[in-house]
Amino acid sequence: MTAVALAEVLREGVAYRGPWWTPKRSAVRTFGRWVNLHNQYTPNVKDGQTLNVSPVDAKGRCRVLVWDVDTGEEGDVRRLLSALPEGCCPLVSFSGMKGWHVWVFPESPVSVRQARTFGEDVRERSGVECEFFPSSEKSRLIKWPGSLHPETGMREAFVSPDALNDTETLDTALVLELLSEGKYRTPVEVLTGCEERECDSILPSPLQNLSSGSRGGDYIHQLFPGGIIVESLEVLTRSEAVIDGLMGLAGRRPVRLGKGFRCILHSDKKPSASFCRGENGTIVYHDWHASKHGTPEFLLLGEVYHALCTGEVRKLKPHEAGRWFAKLALRLGYRTPLALEVEASIETAEAKLEASLLHPLQTPSYGSCGGSCGGIIFTTLFPDPEGDENRDSEEDSAVIQRVWRVFCSEALIRAMYGLEGVNASARWLSERAQAPLKVANRAVNLLCALGILSKVPGTGGMRGDRFVFGDADISEVKRRWEALGKPSLRRFNRTLVIERLGEDVANAVFRRTPDGRLIRPETVTSSEIMCDHAASEGIPASFEDIPRSFKDIPKPSVTIPPTVERVLNGFGMGLETVWEGFVPIPAMGSP
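For reference, each letter of the sequence shown is one residue, going 631 to 1221 in this note's numbering.
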């Protein structure tokens, strides 16, 4: 320390290094009074002062990313740190009251948009309720390390992640000096996801950052447009490109088969996991410390993706693992030829929706049912003059939107296995769309009445109807919508359809009359439910409607087509496993 600096300390007390950039906005509190500053450089924070700064500099660039954890729970801080990708250099400070701040200083400035994308992604993956800075281009201010808390008078000090309440271990003034000299910085590539990766995989792997929409039944069509065509999912079960994509979704760099790395499912600090091949060539995830955590030692890739999305590390039933592997493939941009056809059908159907009862509008997401769509979400317009109907329109809009997303997601997942259509009972649809059973049923029936969807004749009962895309063109959809009088879901019923569209349309949509009588015999043959190659009399048509007990159901004699058999073998399953394992997706049939 120079003589001049020593004299400054003796005269005015200890000074902490201030921001090494010019903040867009800041505020200094001295002797109980706040002074607001704009585009003003603040070289240091004197003892007894409180300095709040904007993470955004005078040129509109982000200089620091901060997560403000005010829950008072140390576990929240550690979960947030575990959610940061490899290569991050986070610092933690005690706020001076009951919470902590997690700081990430980039090597060079990044845009506010990039910072917010990264920060929100980390927050969502961690599951921690906290505030993130910068909150916007005109971001709120955050208290700078070394400042006093206005209420408690305690100093904001850097702490060790292993001792979050020990403010004496680290020298905050020294850490700030080292930061100003370029130490403890995070490479920009880690924050922006633009780092070039060398990959010798057979198939390309288009990585995208894991977003808030990836959890639950995401609307895969809008979130993850496809660009890589594969013959079948069997190819992907053996492809190293998929593990590159899976690592990218977890915020990690790609790894080679057999090479150890820090487990992406637990907060281990040393290499504790690897990818390896099973006897049939399928790639599996090996958790070396599984016994320590009480979790399975080997997981299929679909089970790993399920764990990343839900936080639950466990073995799944075969059909559940198959569903999650299909979701992973779709998430990474892979499509089978049939999935491409389904995507084209979805685009055509959405054009019909936009031209009739639905209107494109940016709206928020609806929880685990759909996530953030990131594109056009359709919402219903009900110009009904009656007060009650107007009050119902917003709820109707949300239900139709969720039912539509459920159908599109399920259609794409099934298409990845070469299966057409969606089997959906009213109960299953209600649970997936998070709507009352009758309301969800009316919503899908309305889509069928308009010709946007269509019910396959002869299906129904416990297994539910099978739905496919309707063949009505845009003009016909608009005509039917106008003829029905643009009804709310409360007013929509069989009687209305008979009066406005005729009995033939009503019989194709509704299976029962208002008094409960069946419109057509409820006969479901094996050719209508199962794959054309696999005639059977006991296997459920949908993995969502499987009987609780197979005790009294004879095992069928089934001839599995070669393509399906290869997929089963890819998951390490034979026909016996299909029956005993509650029928995974590959065993489901198509019309």
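Beta carbons are placed, not taken as given, at the ideal position from N, Cα and C, and that holds for glycine.
Considering only residues of the stretch 700-775, which uninterrupted beta strand (DSSP E) runs meet the minimum length of 3 residues and lie entirely inside it, listed in chain order? 721-724, 730-736, 761-763
Closest Cα partner of Gly890 within the set Gly717, His896, Ala903: Ala903
What residue does the alpha helix (DSSP H) around Thr1125 start on, and which one ends it? 1124-1131
Pick helix, strand or coil for His936, following the three-state DSSP scheme. It is helical.
Answer yes if the stretch 728-743 comes into contact with the stretch 662-675, meaning at least three C-beta pairs across the two stretches below 8 Å, and no otherwise. no
Give me the DSSP bridge partner(s) of Tyr646. Val675
Per-residue burial, Glu1223 [other beta carbons within 10 Å of its own, 16 or more giving buried]: Past the boundaries of the shown model lies residue 1223; the chain is included only from 631 to 1221, so the question cannot be answered.
Classify Ala1134 as helix, strand or coil using the three-state DSSP reduction. For the sequence presented, residue 1134 should be read as Asp rather than Ala. It is helical.
Need the endpoints of the alpha helix (DSSP H) that Asp874 sits in, please. 870-879
Comparing alpha-carbon positions, which option in Met1046, Ser769, Cys893, Glu984 lies nearest Glu861? Met1046
Go ahead and pull the three-state DSSP assignment for Leu800. Leu800 falls in the coil class under three-state DSSP.
Quick one, are the C-beta atoms of Val1135 and Ala1056 less than 8 Å apart? no
What would DSSP say about Val885, mapped onto helix, strand or coil? coil
To which residues of the same chain is Val1033 closer than 8 Å at the C-beta, ignoring the five residues directly before and after it? Leu1059, Ala1063, Ala1065, Ala1070, Ala1073, Val1074, Leu1077
Considering only residues of the same chain and omitting the five flanking positions on each side of Leu887, which have a CB-CB separation below 6 Å? Phe905
Quick one: measure Cβ to Cβ for Gly783 and Thr802, integer angstroms, because I've assumed they're closer than 8 Å. Gly783 to Thr802, Cβ: 16 Å. No contact.
Can you tell which of Arg1109, His923, Tyr915 has the C-alpha that lies nearest to the C-alpha of Asp874? Shortest Cα-Cα distance from Asp874 to any of Arg1109, His923, Tyr915 involves Tyr915.
Since Thr816 sits in a beta bridge, which residues does DSSP pair it with? When beta bridges are read from the DSSP output, Thr816 appears opposite Pro736.
Would you say Pro736 and Val686 are within 8 Å of each other, going by their C-beta atoms? no
Taking just the CA atoms, how far does Thr816 sit from Asp917? 28 Å
Could you name the residues of the same chain whose beta carbon sits closer than 7 Å to that of Ser769, not counting the 5 residues immediately before and after it, in chain order? Ser684, Pro685, Val686, Phe763, listed in sequence order.
Simplified DSSP assignment, three categories, for Asn1075: DSSP places Asn1075 in helix when its eight states are reduced to three.
Could you pull out every residue in the same chain whose Cβ sits closer than 6 Å to the Cβ of Asp1095, ignoring the five residues on either side in sequence? Result list for Asp1095: Lys1085, Thr1089, in chain order.
Run through DSSP, which three-state label would Trp664 get? strand
Using alpha carbons as the reference points, say which of Ile772, Val696, Arg785 lies closest to Arg753. Val696
Measuring straight from C-alpha to C-alpha, what distance separates Asp1103 and Gly717? 52 Å
Which residues bound the alpha helix (DSSP H) around Val860? From DSSP, Val860 is part of no alpha helix (DSSP H); its letter is neither H nor E.
Simplified DSSP state of Leu948, which is helix, strand or coil: The sequence given here places Pro at residue 948; Leu does not occur at that position. In this structure, Pro948 counts as helix in the three-state DSSP scheme.
Which of the three DSSP states, helix, strand or coil, is assigned to Pro653? strand
Check for me: the beta strand (DSSP E) holding Val943 runs from which residue to which? No beta strand (DSSP E) holds Val943; DSSP gives it neither H nor E.
Look up Cys1161 in the DSSP assignment and say whether it is helix, strand or coil. Low confidence applies to Cys1161: its pLDDT is 36, below 50, so where it sits in the model is not reliable enough to give any reading.
Can you name the residues that DSSP bridges to Ile913? Arg907
Return the first residue and the last residue of the alpha helix (DSSP H) that Ser1105 is part of. 1104-1113
Could you please give me the residues that DSSP links to Asn795 through a beta bridge? DSSP output for Asn795 lists no bridge partner at all.
Give me the residue from Glu1040, Ala871, Val1107, Glu927 with the minimum Cα distance to Gly952. Glu1040
Considering Cα atoms alone, identify which of Ser869, Leu721, Trp733 is closest to Gly911. Ser869
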